[in-house]
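**Q**
There are 2 protein chains.
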Amino acid sequence: MKRTGKKIFFDFISKNGLKRSRQRELILDAFLSTDRHMSIEELYLKLRARHPDIGYSTVYRTMRLLVESGIAREFHFGDGQTRFEHLPGGERNDHLVCTRCNAITQFENETIEKLQGEIAASHGFLIETHKLKLYGLCAGCRA
Amino acid sequence: MKRTGKKIFFDFISKNGLKRSRQRELILDAFLSTDRHMSIEELYLKLRARHPDIGYSTVYRTMRLLVESGIAREFHFGDGQTRFEHLPGGERNDHLVCTRCNAITQFENETIEKLQGEIAASHGFLIETHKLKLYGLCAGCRA
DNA sequence: CACATTATGATAACGATATTCATAATTAAA
DNA sequence: TTTAATTATGAATATCGTTATCATAATGTG
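In order, the protein sequence lines correspond to chains A and B. If you want the working numbering, it's the 1-based position in the first sequence plus 11. If you want the working numbering, it's the 1-based position in the second sequence plus 11.
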């Protein structure tokens, strides 16, 4: 159990009366072993290369569990597919999204977050989370 | 033609060899007469109350035209449904979204936008647009 | 007014996601 | 360790929002 993410997930599993399975571990590994924002289909194809017996539904179901357990987070970038990112290591809510090549870069900015808090407060609003996406052209695509 | 939005839309219609229709005008009116972020279904239900002969498909098609003509803009707030907002009067990219009652309030903040520009610049990124959503509890739901 | 064109509404198709169900795997108890 | 109860799986089907198809109706142009 080298990975923190794995520990969190399997703790979640046992805490909720669920069961460990080969598939869940494989899907978790596939998810943890990439830095990209993978969609279900991408994860499925990646997995199927080595494990042709894994079903599409299982990937869906397991990704839902990863979200519930708090180690993954859903993201929608507007292409109709749900994508997932790692959560441990702090929430990553802010992204630069290239409208040409779809490259996604994350950033964070304390000042912006502070301002968000002030804006919310002035509306009597209590922030749970936020999402900030800057759409445009990345350095590569501008060149 | 009292409304600016109407003029823009029907100019777009004739400029593109399309035709005016009773339905298009009704849908446009329904859209213009609300401040909320309406989904297709909500618009359809609102319309059907007075005009039971309007079809679902026509609402979809017309909303696409409103977006193309530049007077409406799509938004996704994570509930799986596309919602539309008025465009004239400046882009509105920043929202407070209540996770309990789904109320949506817009805001804008120059300082945040300036910081966005700086962040993008430091990545060699050219911003075309942005979306900022603060999720949490609105004043009403906190009480 | 005629005719060519576009719009309509109903229905079917669609893609992403969710659910069903019979079978298989896992865990807890004995 | 075998059993028994429970949960997980994969395949197929259903669902939801959205889009396309198609025959008919409305529009607008000459």
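A virtual CB, placed ideally from N, CA and C, is assigned to each residue, including glycine. Computed from a predicted structure; not experimentally measured.
Give a yes or no on whether the minimum CB-CB distance between residue 148/B and chain A is below 8 Å.
**A** By one-based count along the second sequence, residue 148/B stands at place 137. Interface residue, yes.
**Q** Check each residue of the stretch 101-124 of chain A: if its Cβ is closer than 7 Å to any Cβ of chain B, include it; give the result in chain order.
**A** 107, 110, 116, 118, 120, 122 and 123
**Q** Could you tell me the boundaries of the alpha helix (DSSP H) in which residue 151/B lies?
**A** Counted from its first residue, the second sequence places residue 151/B at position 140. Element bounds for residue 151/B: 150-153.
**Q** For residue 82/A, report the span of its alpha helix (DSSP H) as first-last.
**A** Numbered from 1 along the first sequence, position 71 holds the residue referred to as residue 82/A. In the DSSP annotation of this structure, residue 82/A is not part of any alpha helix (DSSP H), being labelled neither H nor E.
**Q** To the nearest angstrom, report how far apart residue 134/A and residue 109/B are at their CA atoms.
**A** To locate residue 134/A, count along the first sequence from 1; it is residue 123. To locate residue 109/B, count along the second sequence from 1; it is residue 98. If you take the alpha carbons of residue 134/A and residue 109/B, they lie about 12 Å apart.
**Q** If you compare alpha carbons, which of 57/B, 118/B, 113/B and 19/B is closest to residue 79/B?
**A** As a first step, residue 79/B must be located in the second sequence, where it is residue number 68. Answer by Cα proximity: 19/B.
**Q** What are the start and end residues of each continuous beta strand (DSSP E) run of 3 or more residues lying completely inside the stretch 83-141 of chain B, in chain order?
**A** Taking 3 residues as the shortest admissible run, the stretch 83-141 of chain B contains the following complete beta strand (DSSP E) segments, listed from N- to C-terminal end: 83-87, 93-97, 105-109 and 115-118.
**Q** If you reduce the DSSP assignment to three classes, tell me which class residue 29/B lands in.
**A** In the second sequence, counting from the first residue as 1, residue 29/B sits at position 18. Three-state DSSP puts residue 29/B in coil, outside helix and strand.
**Q** Pull up the DSSP beta-bridge partners for residue 146/B, would you.
**A** Counting from 1 along the second sequence, the entry for residue 146/B is found at position 135. Residue 146/B is bridged to 140/A and 108/B.
**Q** Per DSSP, residue 50/B is paired with what?
**A** Here residue 50/B corresponds to residue number 39 of the second sequence, with the count starting at 1. According to DSSP, residue 50/B bridges with 94/B.
**Q** What does a CB cutoff of less than 6 Å around residue 34/A pick up in its chain, not counting 5 residues either side in sequence?
**A** Counting from one through the first sequence, the residue named residue 34/A turns up at place 23. Answer for residue 34/A: 65 and 69, listed in chain order.
**Q** Identify, in the order they occur along the chain, each residue of the same chain with its Cβ nearer than 6 Å to the Cβ of residue 120/B, setting aside the five sequence neighbours on each side.
**A** Counted from its first residue, the second sequence places residue 120/B at position 109. Answer for residue 120/B: no residue qualifies.
**Q** Determine whether the Cβ of residue 79/A lies closer than 8 Å to any Cβ atom of chain B.
**A** Position 68 of the first sequence, counted from the first residue, corresponds to residue 79/A. So, not an interface residue.
**Q** Under 8 Å, Cβ to Cβ, is there at least one residue of chain B near residue 51/A?
**A** Taking the first sequence and counting its residues from 1, one reaches residue 51/A at position 40. No - not a single Cβ of chain B is within 8 Å of the one on residue 51/A.
**Q** Compute the distance between the beta-carbons of residue 17/A and residue 37/A, then report whether it is under 8 Å.
**A** Counted from its first residue, the first sequence places residue 17/A at position 6. Counted from its first residue, the first sequence places residue 37/A at position 26. Against a cut-off of 8 Å, the Cβ pair of residue 37/A and residue 17/A comes out as no contact.
**Q** Measure from the C-beta of residue 87/A to each C-beta in chain B and report whether the shortest distance is under 8 Å.
**A** In the first sequence, the residue the question calls residue 87/A occupies position 76. With 8 Å as the cut-off, residue 87/A counts as an interface residue toward chain B.
**Q** How about the stretch 83-90 of chain B and the stretch 116-131 of chain B: do they share at least three Cβ pairs that are nearer than 8 Å?
**A** no
**Q** Which residues in the same chain have their Cβ closer than 8 Å to the Cβ of residue 48/B, if we skip the five residues on either side of it in sequence?
**A** Counting from 1 along the second sequence, the entry for residue 48/B is found at position 37. Excluding sequence neighbours, residue 48/B sits near 86, 88, 94, 95, 96 and 115.
**Q** For residue 112/B, count neighbouring Cβ atoms within 10 angstroms of its own Cβ and tell me buried if that reaches 16, exposed if not.
**A** In the second sequence, residue 112/B corresponds to position 101, counting from 1. The residue in question, residue 112/B, is exposed, as its Cβ has fewer than 16 Cβ neighbours within 10 Å.
**Q** Assign residue 69/B to one of three DSSP states: helix, strand, or coil.
**A** As a position in the second sequence, residue 69/B is number 58, starting the count at 1. DSSP places residue 69/B within a helical segment (H, G or I) once states are collapsed to three.
**Q** Tell me the rounded alpha-carbon separation between residue 107/B and residue 139/A.
**A** Numbered from 1 along the second sequence, position 96 holds the residue referred to as residue 107/B. Numbered from 1 along the first sequence, position 128 holds the residue referred to as residue 139/A. Cα to Cα, residue 107/B sits roughly 11 Å from residue 139/A.
**Q** Just the Cα atoms here: how many angstroms apart are residue 28/A and residue 73/A?
**A** Here residue 28/A refers to the residue found at position 17 of the first sequence. Here residue 73/A refers to the residue found at position 62 of the first sequence. Looking at the two C-alpha atoms, the distance is approximately 15 Å.
**Q** Can you tell me whether DSSP reads residue 40/A as helix, strand or coil?
**A** Locating residue 40/A in the first sequence gives position 29, counting from the first residue. Looking at residue 40/A - three-state DSSP - the assignment turns out to be helix.
**Q** Looking at the C-beta of residue 139/A, does it have a partner C-beta in chain B at a distance below 8 Å?
**A** Taking the first sequence and counting its residues from 1, one reaches residue 139/A at position 128. Closer than 8 Å: yes.
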